[in-house]
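*Asks:*
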Amino acid sequence: MPLLMLEIARTVDRFGQIAQIFGTYECRRQADGPAYMTGINSFQLLHKEGRWWVVNCCWDNEPEGNPMPQQYL
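So the mapping is simple: our numbering equals the position in the sequence shown, first residue as 1, plus 521.
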């Protein structure tokens, strides 16, 4: 069954040549179906040599009993 991961919100914090991006996502089995999982993708970026480089990425699913903070929705 197909899996759709949709970014529903994004928070960007930047200082000088570094940036931190939190992208909130929902996973669905169908485009018009309900979300069965949510979470955050986290990217750390570095601006060097005229472009942005991904230094690190990680993610975490929203666990039951620990809802997503409002600032990321």
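All C-beta atoms in this analysis are idealised placements derived from N, C-alpha and C, irrespective of residue type, glycine included.
Look at the alpha carbon of SER563 and the alpha carbon of PHE543, and state the distance between them as a whole number of angstroms.
*Replies:* In the sequence shown, the residue the question calls residue 563 occupies position 42. In the sequence shown, the residue the question calls residue 543 occupies position 22. Straight-line Cα distance between these residues: approximately 5 Å.
*Asks:* For PRO584, collect the residues of the same chain with a Cβ closer than 7 Å to its Cβ; drop the 5 residues on either side in sequence, then sort them by chain order.
*Replies:* In the sequence shown, the residue the question calls residue 584 occupies position 63. Contacts found: none.
*Asks:* Per DSSP, which one or two residues make a beta bridge with MET526?
*Replies:* Along the sequence shown, one-based indexing puts residue 526 at 5. Partner(s): CYS548.
*Asks:* Classify GLN494 as helix, strand or coil using the three-state DSSP reduction.
*Replies:* Lying before the first or after the last residue shown, residue 494 is absent from the chain, which here runs from 522 to 594.
*Asks:* Should THR532 be labelled buried (16 or more other beta-carbon atoms within 10 Å of its own) or exposed?
*Replies:* As a working note, residue 532 is residue 11 in the sequence shown. The residue is exposed, with fewer than 16 neighbouring Cβ atoms inside 10 Å.
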